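In what follows, a structure is listed as structure tokens, so that the remarks can point back to it.
Protein chains in written order, with the numbering used here: chain C, 1 to 112; chain X, 1001 to 1112.
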């Protein structure tokens, strides 16, 4: 069983839709959670980062962490075609700069 | 402000050869981590360098080695290349372990 599970998709939505991306994990030691966006043939780009449980909002993006369920989510409001990319969740037991454990990534396609 | 840079962008090698990949961290960062990303997978942690020492290592064989220079730049060396080493190799930098990691564009390695 992988430490971090993420549905690979692809997830296809119309422009303007609300997108929900999710990851589950098995290691209860994870405390630092991140979402990266990766365009084709590019390196991952940091979108959001949160510590422990709760919500964090930044523009059209909201990150949620539910440590009791070992479940994290990224919501994208008013999705745009430029949001089409692979979204990777990542987590670490000790600080953001430590070894990151990634999910396999979810491919998102936003249709105009 | 220059971000993380990596060279070369692409590389083709044959089985049994050796390869060296290079990374320059984001300005002000002193910690460099290397990840391997196979097609359709999330990045896998190889190792991390801080103050010219390997501080953490993932589940990779000794064929994978690295180095960090006094200016914080880093090299990843892979010996006795296997077909399975074909992947995107990503470098990420951070300020010690406390801060989030920023990724470079990666080096795409193909082993024939």
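Positions of the beta carbon are idealized from the N, C-alpha and C atoms, including for glycine.
Note that the structure is predicted; figures quoted are calculated from it, not measured.
(message) Closest to residue 1097(X) by C-alpha separation, out of 1065(X), 1051(X), 1062(X), 1064(X), would be which residue?
(response) If we check each option's Cα against that of residue 1097(X), 1051(X) comes out closest.
(request) Quick one: using the 10 Å Cβ neighbour count with 16 as the cut-off for buried, is residue 71(C) buried or exposed? (result) exposed
(message) Please report the straight-line C-alpha distance between residue 98(C) and residue 92(C), rounded to a whole angstrom.
(response) 7 Å
(request) Closer than 8 Å, Cβ to Cβ, to anything on chain X: give me those residues from the region 41-70 of chain C, in chain order. (result) 41, 42, 43, 44, 45, 46, 49
(request) Compile a chain-ordered list of the residues in the region 82-105 of chain C whose CB is closer than 8 Å to at least one CB of chain X. (result) 88, 90, 94, 95, 96, 97, 98, 99, 100, 101, 102, 103, 104, 105
(request) Tell me, please, which residues DSSP counts as bridged to residue 76(C). (result) Per DSSP, the beta-bridge partners of residue 76(C) are 19(C), 61(C).
(request) Tell me whether residue 1030(X) sits in a helix, a strand or coil according to DSSP, three-state version. (result) coil
(message) My output table needs one value for residue 1076(X): the three-state DSSP class, helix, strand or coil.
(response) strand
(message) Ignoring anything shorter than 4 residues, give me the alpha helix (DSSP H) runs that lie fully in the region 1041-1065 of chain X, in order along the chain.
(response) none
(message) Counting only Cβ pairs nearer than 8 Å, list the residues of chain C close to residue 1094(X).
(response) 96, 97
(message) Using CA atoms only, rank isn't needed, just tell me which of 103(C), 79(C), 24(C) is closest to residue 65(C).
(response) Of 103(C), 79(C), 24(C), the residue nearest in Cα terms is 24(C).
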